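So for the sequence shown, this note's numbering puts the first residue at 36; every next one is plus one.
Every residue gets a Cβ at the ideal spot worked out from N, C-alpha and C, and that includes glycine.
It should be emphasised that the depicted structure is a prediction, and the values quoted were computed from it without experimental measurement.
The next block holds one structure in the form of structure tokens; read it before the comments.
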Amino acid sequence: TEQNVNHLKIDRPFIEKIKHVEAEDSITNDIISMAHKMGLSVVAEGVEEAHKFEYLKHYGCDRIQGYLISMPCMKMMP
């Protein structure tokens with residue numbers, strides 16, 4: 036069966052390799068660019084440091100997850 040894909044999630048090991056905002060040699064900016072060219076929004080997982088957030092923002096990452104923003108939250112039950 037065919038599935039619709041709307042998002043691409045960048046796994047934590049890729050995020051851990053980001054050293055500073057100007058690190059254009061990182062594969063992460065290529066992943067973001069490729070996903071956007073495919074019409075996908077991008078979610079980065081495991082963002083724990085401000086310079087990594089700045090890097091992702093600079094290269095157009097759409098959403099981030101990680102301790103920099105919030106600790107894991109329990110799901111609210113109806």
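Residue 115 to residue 100, Cα distance in whole Å? Nothing about residue 115 can be reported from this structure: the residues present for the chain run from 36 to 113 only.
In whole angstroms, what separates the C-alpha of residue 104 from that of residue 84? Taking the straight line joining both Cα atoms gives about 10 Å.
Locate the beta strand (DSSP E) running through residue 62, then write down its first and last residues. Judged by DSSP secondary structure, residue 62 falls outside any beta strand (DSSP E) and instead within the alpha helix (DSSP H) spanning 62 to 72.
Which residues in the same chain have their Cβ closer than 6 Å to the Cβ of residue 108, if we skip the five residues on either side of it in sequence? Spatial neighbours of residue 108 in its own chain (CB-CB distance under 6 Å, excluding positions within 5 residues in sequence) are not present.
With C-beta atoms as the reference, is residue 95 less than 7 Å away from residue 67? A contact, by the Cβ cut-off of 7 Å.
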